């Protein structure tokens with residue numbers, strides 16, 4: 003049965019489509035302009051092409067070396083009728099099988115290389131928590147302090163910073179009392195009260211505590227603010243802010259940290275991001291637990307913080323900024339009361355702060 007092939011004519015150096023069949027003891031080549039026969043004894047058959055997918059037959063003739071190249075599936079069966087080609091066809095089949103195997107391996111390798119960046123990104127996404135935890139263990143506390151200093155310049159010297167008055171002294175007194183009771187003794191906390199209507203407070207890496215006047219105005223007592231500050235100080239002590247900043251900084255700073263090139267500035271894209279850090283529920287629960295224990299150790303009533311959450315839970319409309327990335331205020335108030343004990347409540351001492359005077363100083 004004839005099969006299609008491409009004929010190379012050395013006389014014209016052109017190639018053309020032809021039809022080939024075995025006719026008796028020779029190959030008959032039927033072209034557009036001529037028909038001729040080729041003696042198989044003069045021919046050499048091999049697997050041809052870059053992928054060895056074709057059968058190639060060459061022979062010497064007028065003008066040089068002639069060649070037939072066929073990818074037609076019927077070529078193998080037709081040429082098998084020529085005893086002269088039996089060994090050559092078997093060798094060509096082996097070469098084609100090897101080429102297909104190598105081709106699959108090559109395509110797989112190219113696919114892997116092409117997908118490697120995506121696979122690395124996927125791996126970083128899946129194992130990001132473990133990677134970041136490992137990175138954080140390698141970052142010395144001095145980097146927390148360097149990052150904190152970058153924020154200090156922004157907040158301590160801002161036009162919104164409240165100059166020393168009843169409010170700043172009250173917050174500093176609360177922070178000092180909590181610090182003495184905190185299990186983490188290596189941090190030097192600084193306080194900045196900022197004129198901002200948001201009910202918010204946050205702690206920067208290294209120990210800077212920022213309190214908005216909106217929080218002071220909303221709170222009904224010093225004990226309520228103390229609970230919020232204990233929670234935020236716990237985030238700093240457990241380095242939650244640093245962890246979230248590493249996560250938010252992107253892959254390049256993370257890779258730099260992995261190889262030991264710690265760059266504090268690379269972690270801080272925008273000073274404003276500090277108040278918008280989103281902690282995981284596990285981190286929030288950890289900060290709640292540590293903050294609660296610190297309040298108890300400092301002999302400050304935990305009921306104050308519970309009342310603060312009650313007040314916020316009753317608020318309508320947009321939730322307070324302090325709660326925007328935290329669990330529900332009602333749930334947290336209930337959890338605080340569940341953990342409290344009569345003995346701890348009995349040991350609690352009122353903070354020596356005139357809260358009415360504090361609130362009046364920021365109006």
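In my numbering, the protein residues as written are 3 to 365.
Positions of the beta carbon are idealized from the N, C-alpha and C atoms, including for glycine.
Remember, predicted model here, so these are calculated numbers, not experimental data.
Considering only C-alpha positions, which residue in the set 102, 353, 42 and 204 is nearest to residue 80?
-> 42
Residue 49 vs residue 82 beta-carbon contact at 8 Å = no
What's the call for residue 207, buried or exposed, on a 16-neighbour Cβ count within 10 Å?
-> With at least 16 other beta carbons inside 10 angstroms of its own, residue 207 counts as buried.
Residue 195: which of 222, 189 and 227 sits nearest, CA to CA?
-> 227
Nearest residue (CA-CA) to residue 218, options 14, 45 and 365 = Nearest C-alpha to residue 218 among 14, 45 and 365: 365.
Name the DSSP beta bridge partners of residue 10, please?
-> 17 and 69
With a Cβ-Cβ cutoff of 8 Å, do residue 214 and residue 224 count as a contact?
-> no
Measure the Cβ-Cβ separation of residue 221 and residue 189 and say whether it is below 8 Å.
-> Against a cut-off of 8 Å, the Cβ pair of residue 189 and residue 221 comes out as no contact.
How would you call residue 143, buried or exposed, if buried means at least 16 neighbouring beta carbons within 10 angstroms?
-> With fewer than 16 Cβ atoms within 10 Å of its Cβ, residue 143 is classed as exposed.
Nonlocal neighbours in the same chain, by C-beta distance under 7 Å from residue 197, ignoring five residues either side = 162, 164 and 215
Residue 63 - partner residues in DSSP beta bridges | Residue pairing for residue 63: DSSP places it in a beta bridge opposite 66.
For residue 351, count neighbouring Cβ atoms within 10 angstroms of its own Cβ and tell me buried if that reaches 16, exposed if not.
-> It counts as exposed.
Have a look at the DSSP bridge pairing and note the partners of residue 58.
-> According to DSSP, residue 58 bridges with 48 and 71.
If you draw a straight line from the C-alpha of residue 37 to the C-alpha of residue 76, how long is it?
-> 20 Å
Using DSSP with H/G/I as helix, E/B as strand and the rest coil, what is residue 37?
-> strand
Cα-Cα, which of 72, 12, 62 and 52 is closest to residue 4?
-> 72
From which residue to which residue does the alpha helix (DSSP H) around residue 29 run?
-> Where residue 29 is concerned, there is no enclosing alpha helix (DSSP H), although the beta strand (DSSP E) it sits in stretches over 28-32.
Residue 53: buried (16+ other C-beta within 10 angstroms of its C-beta) or exposed?
-> exposed
Residues near residue 8 in its chain [Cβ-Cβ closer than 8 Å; skip 5 each side] = 17, 18, 19, 20, 70, 71 and 72
Can you tell me which of the three DSSP states residue 273 falls into?
-> Here the model assigns residue 273 a pLDDT of 43, short of 50, so the residue's position is not dependable and the matter cannot be decided.
Bridge partner(s) assigned by DSSP for residue 98 = In DSSP, residue 98 forms no bridge with anything.
Cα-Cα separation between residue 236 and residue 120, rounded to whole angstroms | 36 Å
Collapsed DSSP secondary structure at residue 22 in the structure displayed = strand
Please name the residue in 24, 65 and 51 whose C-alpha comes closest to that of residue 12.
-> Answer by Cα proximity: 65.
Cβ-based neighbour list, residue 44, same chain, cut-off 6 Å, excluding 5 preceding and 5 following | 61
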